[in-house]
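Presented below is the structure to which this report refers.
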Amino acid sequence: MEHFAAIPIFVAVVEAGSFSAAAERLGLTKSAVSKRIQLLEAGLKVRLLQRTTRSLSLTEAGERYYDRARGALALANEAEEVAAGLQGRPQGLLRVAAPMVFGRLHLSPLVAEFLRRYPDIQLDMAMDDRMVDLVEGGYDLAVRIGNLPDNRMVARRLAPCRVVVCASPDYLAAHGTPQHPSELAGHNCIHYSYYRGGASWVFSGPDGEIRVQPRGNYQVNNSEARRDALLAGLGICEMPTFIVGPDLAAGRLAAVLSDYPLPAHAIHAVYPQRCLPAKARAFIDFLDEKLGGDAPQWDRGLSPSVLSPKNWKRE
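Residue numbers (UniProt numbering): 1 to 315.
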């Protein structure tokens, strides 16, 4: 029990990477932080940190202690936030993971309004298209698009994610407009490197599923770069409307193969299966309010064939 007070200090030292940085974060002196870690190690009768003049690293015992100390600290912080939430005051550090492009286009513009509404929240948003482990990374929640394979998470649907195959009018004028997915074999297909659905594009048709292996001279792990290539007339690509919706509405891009829809996806807020802190609930409710549900602003002005593609039924 006497070591509990040292847990936040030990975790801060590990995460900050030094005693001085941890001291600044905690509002303590460097000597006070060092003394508390020394007392912790003496009480546990084990060395937790290897110290040199230039670096700080965990011992094997330190790694094990840190894993459990971080979890204990998170639970303690959650308990405080739940208690604060009962008083109707979301507060504290809120860590959110989000996809890079969706975050930049549709979450970043909302941050100022959210923080004005909840001034006691400190928002730390990490934008990355790679999947992160929320528990291991210490995140309160994530915004995720597409399949949700992790059944340890609770998911709340925020908006649809419509995906269309599209190209620039100039590209289609030069290379023709495909009328069937099989005709994509004759086109320069731009591919997204991080697509979790696999390498194939999967369409629905009157005879069932149609798989196409896209081939072309360009693949990239960023969807804004794919949009740039489309607008430049480089090729044809499947894209979410939250990126290209305004381009489709303005005629800068044209949707093709609308009679052969791609799989339907959605945008979700996901969080670990535990009591949701008030700060996280406030953020999810705010996104639900602002993103527009089944009629998000990025889909306004799109044709009915894009918004409601043909639903093939097999005989």
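Glycine is no exception: its CB is placed at the ideal position from the N, C-alpha and C atoms.
Rank Met131, Ala98, Ile236, Cys189 by C-alpha distance to the C-alpha of Pro214 and give the top, closest one. Locating residue 214 in the sequence shown gives position 214, where the first residue counts as 1. The residue with the shortest Cα to Cα distance from Pro214 is Cys189.
Do Val11 and Ala69 count as a contact pair if the criterion is CB distance below 8 Å? Residue mapping note: residue 69 aligns to position 69 of the sequence shown, counting from 1. Residue mapping note: residue 11 aligns to position 11 of the sequence shown, counting from 1. Yes. Within cutoff.
Quick one: measure Cβ to Cβ for Cys161 and Phe242, integer angstroms, because I've assumed they're closer than 8 Å. Residue numbering aside, residue 161 sits at position 161 when the sequence shown is read from its first letter. Residue numbering aside, residue 242 sits at position 242 when the sequence shown is read from its first letter. The C-beta separation of Cys161 from Phe242 comes to about 7 Å, placing the pair in contact by the 8 Å criterion.
Excluding sequence positions up to five away, which residues of its chain have a Cβ less than 8 Å from the Cβ of Ser168? Residue numbering aside, residue 168 sits at position 168 when the sequence shown is read from its first letter. Cβ neighbours of Ser168 beyond the five flanking positions: Leu230, Leu231, Ala232, Gly233, Arg252, Leu253, Ala254.
With distances taken between CB atoms, is the gap from Val33 to Leu26 smaller than 8 Å? As a first step, residue 33 is located in the sequence shown; it is residue number 33 there, counting from the start. As a first step, residue 26 is located in the sequence shown; it is residue number 26 there, counting from the start. With a cutoff of 8 Å on beta-carbon distance, Val33 and Leu26 are scored as near each other.
Supposed close pair Gly137, Ala76 - CB separation, criterion 8 Å: Stepping through the sequence shown from its first residue, residue 137 is reached at position 137. Stepping through the sequence shown from its first residue, residue 76 is reached at position 76. That belief does not hold up - the Cβ atoms of Gly137 and Ala76 are roughly 18 Å apart, past 8 Å.
Would you kindly check if the distance between the Cβ of Met131 and the Cβ of Leu107 is under 8 Å? In the sequence shown, the residue the question calls residue 107 occupies position 107. In the sequence shown, the residue the question calls residue 131 occupies position 131. Cβ atoms of Leu107 and Met131: not closer than 8 Å.
Taking only the alpha-carbon atoms, compute the straight-line gap between Glu15 and Leu276 and give it to the nearest angstrom. If you number the sequence shown from 1, residue 15 lands on position 15. If you number the sequence shown from 1, residue 276 lands on position 276. For Glu15 and Leu276, the gap between their C-alpha atoms comes out near 24 Å.
Following the continuous beta strand (DSSP E) through Phe203, name the residue where it begins and the one where it ends. As a first step, residue 203 must be located in the sequence shown, where it is residue number 203. Per DSSP, the continuous beta strand (DSSP E) segment holding Phe203 begins and ends at 201-205.
What would DSSP say about Phe10, mapped onto helix, strand or coil? One-based indexing of the sequence shown puts residue 10 at position 10. In this structure, Phe10 counts as helix in the three-state DSSP scheme.
Beta-carbon proximity of Leu141 to Gln122, cut-off 8 Å: The sequence position of residue 141 within the sequence shown is 141, counting from 1. The sequence position of residue 122 within the sequence shown is 122, counting from 1. Taking a C-beta distance under 8 Å as the contact criterion, Leu141 and Gln122 do not qualify as a contact pair.
Contained alpha helix (DSSP H) runs [length at least 4] in the stretch 156-238, N- to C-terminal order: Complete alpha helix (DSSP H) runs here, min 4: 169-175, 223-231.
Between which two residues does the alpha helix (DSSP H) harbouring Ser34 extend? Along the sequence shown, one-based indexing puts residue 34 at 34. Ser34 -> alpha helix (DSSP H) spans 30-44.
Straight-line gap, Pro240 to Arg227 (C-alpha atoms, nearest Å): One-based indexing of the sequence shown puts residue 240 at position 240. One-based indexing of the sequence shown puts residue 227 at position 227. Distance between the alpha carbons of Pro240 and Arg227: 10 Å.
Provide the residue span of the beta strand (DSSP E) that contains Asp124, from first to last. Working through the sequence shown from its first residue, we reach residue 124 at position 124. Where Asp124 is concerned, the enclosing beta strand (DSSP E) stretches over 121-127.
Quickly, what does DSSP pair Ser258 with across the bridge? List them, please. Position 258 of the sequence shown, counting from 1, holds the residue named residue 258. DSSP output for Ser258 lists no bridge partner at all.
With DSSP as the reference, label Gln297 as helix, strand or coil. Within the sequence shown, residue 297 is the residue found at index 297, counting from 1. Gln297 falls in the helix class under three-state DSSP.
Is it a yes or a no for the stretch 288-295 touching the stretch 199-215, going by three-plus beta-carbon pairs under 8 Å? With fewer than three CB-CB distances shorter than 8 Å, the stretch 288-295 does not count as touching the stretch 199-215.
Would you check if the distance between the CB atom of Leu184 and the CB atom of Ile236 is smaller than 8 Å? Numbered from 1 along the sequence shown, position 184 holds the residue referred to as residue 184. Numbered from 1 along the sequence shown, position 236 holds the residue referred to as residue 236. Contact: yes.
Residues in its own chain within less than 7 Å of Ser18 by CB, not counting five upstream and five downstream? As a position in the sequence shown, residue 18 is number 18, starting the count at 1. The residues Leu56, in chain order, have a CB closer than 7 Å to that of Ser18 in the same chain once the five nearest residues on each side in sequence are set aside.
Assuming the contact rule is C-beta atoms closer than 8 Å, Gly71 and Leu48 should be a hit. Round their C-beta distance to whole Å, please. The residue labelled residue 71 in the question sits at position 71 within the sequence shown. The residue labelled residue 48 in the question sits at position 48 within the sequence shown. Contact between Gly71 and Leu48 fails: their C-beta atoms lie close to 16 Å from each other, not under 8 Å.
State yes or no: is the C-beta of Leu257 within less than 8 Å of the C-beta of Val163? As a working mapping, residue 257 is identified with position 257 in the sequence shown. As a working mapping, residue 163 is identified with position 163 in the sequence shown. With respect to Val163, Leu257 sits apart: the two C-beta atoms are not nearer than 8 Å.
Is the closest heavy atom of the ligand HEM to the C-beta of Leu234 under 7 Å? Absent from the structure shown: the ligand HEM. Ligands present: none.
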